[in-house]
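Right, one structure below, let's go through it.
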Amino acid sequence: MLACLPPKARASESLHHVRLVYFWPVQGFLLIPIVVAQEQGIYRRYGLDVSIVLPPDAQTTARMLATEQAEIGMEARTDVVFAAEVSLPLVSIANYDQHNSWCVVGRPGEPIDLRTLEGKKIGIFIDSWTAVMMHLLFEKSGVKDAENVQQIITQFEDLPLLLSGRLDLATNAASFAIAASIAQDGQMPSLACPNVTGVPDIPIWSFTATPHWLKLHGGDAKAWLAATREGLLWAMSHPTEAAALFSKIYPEVDSPLYDKAGWAAAVPYFGNGDTALSQTSQSWSELASEMHRIGLISKVRPLATYYTNDFLPR
Numbered sequence: 003m004l005a006c007l008p009p010k011a012r013a014s015e016s017l018h019h020v021r022l023v024y025f026w027p028v029q030g031f032l033l034i035p036i037v038v039a040q041e042q043g044i045y046r047r048y049g050l051d052v053s054i055v056l057p058p059d060a061q062t063t064a065r066m067l068a069t070e071q072a073e074i075g076m077e078a079r080t081d082v083v084f085a086a087e088v089s090l091p092l093v094s095i096a097n098y099d100q101h102n103s104w105c106v107v108g109r110p111g112e113p114i115d116l117r118t119l120e121g122k123k124i125g126i127f128i129d130s131w132t133a134v135m136m137h138l139l140f141e142k143s144g145v146k147d148a149e150n151v152q153q154i155i156t157q158f159e160d161l162p163l164l165l166s167g168r169l170d171l172a173t174n175a176a177s178f179a180i181a182a183s184i185a186q187d188g189q190m191p192s193l194a195c196p197n198v199t200g201v202p203d204i205p206i207w208s209f210t211a212t213p214h215w216l217k218l219h220g221g222d223a224k225a226w227l228a229a230t231r232e233g234l235l236w237a238m239s240h241p242t243e244a245a246a247l248f249s250k251i252y253p254e255v256d257s258p259l260y261d262k263a264g265w266a267a268a269v270p271y272f273g274n275g276d277t278a279l280s281q282t283s284q285s286w287s288e289l290a291s292e293m294h295r296i297g298l299i300s301k302v303r304p305l306a307t308y309y310t311n312d313f314l315p316r
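At position 74 of the sequence shown the residue is numbered 76 (the working numbering), and the sequence of numbers has no breaks.
This is the structure:
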């Protein structure tokens with residue numbers, strides 16, 4: 003029967019299918035390395051057929067992995083620490099970025115004074131990274147009572163509300179803030195990033211999986227990371243072409259200008275050929291220790307609970 007199948011069908015049968023579940027319910031330009039590896043046949047070269055799955059909200063990626071709705075996740079590293087707190091089996095197999103791009107955002111040309119946050123309306127998202135960073139931001143900026151700051155939850159994007167004057171400030175990863183501001187009015191927003199806010203300069207996102215899947219499919223995890231690293235390095239070296247490819251595949255999501263500006267702003271946060279996807283005990287220890295210090299988790303678990311480097315390309 004196999005001999006009767008066309009060559010492409012037989013080749014597809016031999017590929018191992020891996021589903022990546024994103025951290026956001028809409029495709030975004032941070033998926034560019036995965037799209038590059040898909041479209042350039044890099045995953046197929048490593049024996050994989052990779053698809054992208056979208057969660058219903060920003061808090062479901064870990065649960066989708068636990069219930070076998072996907073094999074690999076892309077999510078905030080705070081999700082991994084919170085998962086360990088409730089004994090949800092989840093481990094990081096690579097960092098996506100190498101620096102913290104989470105910033106307080108202001109309108110173009112308007113300086114940000116973190117000493118005057120009380121009484122302000124600030125746009126936030128409901129993801130776990132934002133929740134932790136806001137705790138730290140209030141602490142570092144001297145906010146005595148979080149109730150004195152109006153935190154306005156936004157569904158998908160807070161920059162339009164900021165630029166229209168309906169918010170005093172917003173919070174976002176720098177690349178998304180820059181993309182939205184440039185796409186809307188061609189100007190750079192004001193940004194207060196970790197060097198100003200005082201929050202830790204540590205990676206935001208991880209690629210994650212369950213220990214059970216890794217035990218059974220460690221080879222697929224290694225192949226996926228090796229192929230994804232190739233896609234990431236190519237997209238970093240060819241940012242304009244990579245963004246255009248993403249815009250072509252997902253034309254209904256954002257404008258080509260948005261994707262181009264956002265990806266160009268994201269690239270500096272990924273490290274280089276030596277550090278891409280790497281993760282260290284220091285950054286995981288710092289994240290978990292800060293979360294424990296401000297009372298969000300009961301204790302810091304052994305770091306092997308949070309991450310492993312066993313599947314990274316050597």
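For each residue, glycine too, the CB sits at the ideal point set by N, CA and C.
Only a predicted model underlies this, so the values are computations on that prediction, with no experimental measurement involved.
Starting from residue i, follow the beta strand (DSSP E) in both directions and report where the run begins and ends.
i      : result
Trp26  : No beta strand (DSSP E) holds Trp26; DSSP gives it neither H nor E.
Leu320 : No answer is possible for residue 320: the residues shown for the chain start at 3 and end at 316.
Can you tell me whether DSSP reads residue i as helix, strand or coil?
i      : result
His101 : coil
Ala72  : coil
Leu171 : strand
Gly108 : strand
Ser192 : strand
Val302 : coil
Asp312 : coil
Arg12  : In this prediction, Arg12 has a pLDDT of 38, which is less than 50 and means its spatial position is unreliable; nothing more can be read from the coordinates.
Gln281 : coil
Gly264 : helix
Thr62  : coil
Leu90  : coil
Thr307 : helix
Arg47  : helix
Where do the N-terminal and C-terminal ends of the alpha helix (DSSP H) with residue i fall, by residue?
i      : result
Leu84  : It is Phe, not Leu, that sits at residue 84 in the sequence shown. Start and end: Arg79 to Glu87.
Gln186 : Ala176 to Asp187
Ala39  : Ile34 to Glu41
Pro162 : Leu161 to Leu165
What distance in whole Å lies between the Cβ atoms of residue j and residue i, which are believed to be in contact at a cut-off of 8 Å?
i      : j      : result
Ser94  : Arg79  : 6 Å
Val23  : Leu67  : 7 Å
Ser280 : Asn102 : Contact flag wrong, Cβ pair sits at about 15 Å.
Run through the DSSP bridge pairs and tell me what residue i is partnered with.
i      : result
Val52  : Val20
Val269 : In DSSP, Val269 forms no bridge with anything.
Ala290 : DSSP lists no partner for Ala290.
Ala2   : What is shown of the chain runs 3 to 316, which leaves residue 2 out entirely.
Tell me, please, whether the CB atom of residue i is closer than 8 Å to any CB atom in chain B?
i      : result
Ser249 : In the structure shown, chain B cannot be found, because there is only a single protein chain.
| field | Whole runs of the alpha helix (DSSP H) within the stretch 198-260, excluding any shorter than 4 residues | value | Secondary structure in the stretch 198-260: the alpha helix (DSSP H) runs of 4 residues or longer, each lying completely within the stretch, are 213-239 and 241-251 in chain order.
| Along the chain, which unbroken stretches of the alpha helix (DSSP H) at least 4 residues long are found entirely within the stretch 113-158? | Runs of the alpha helix (DSSP H) inside the stretch 113-158: 130-143.
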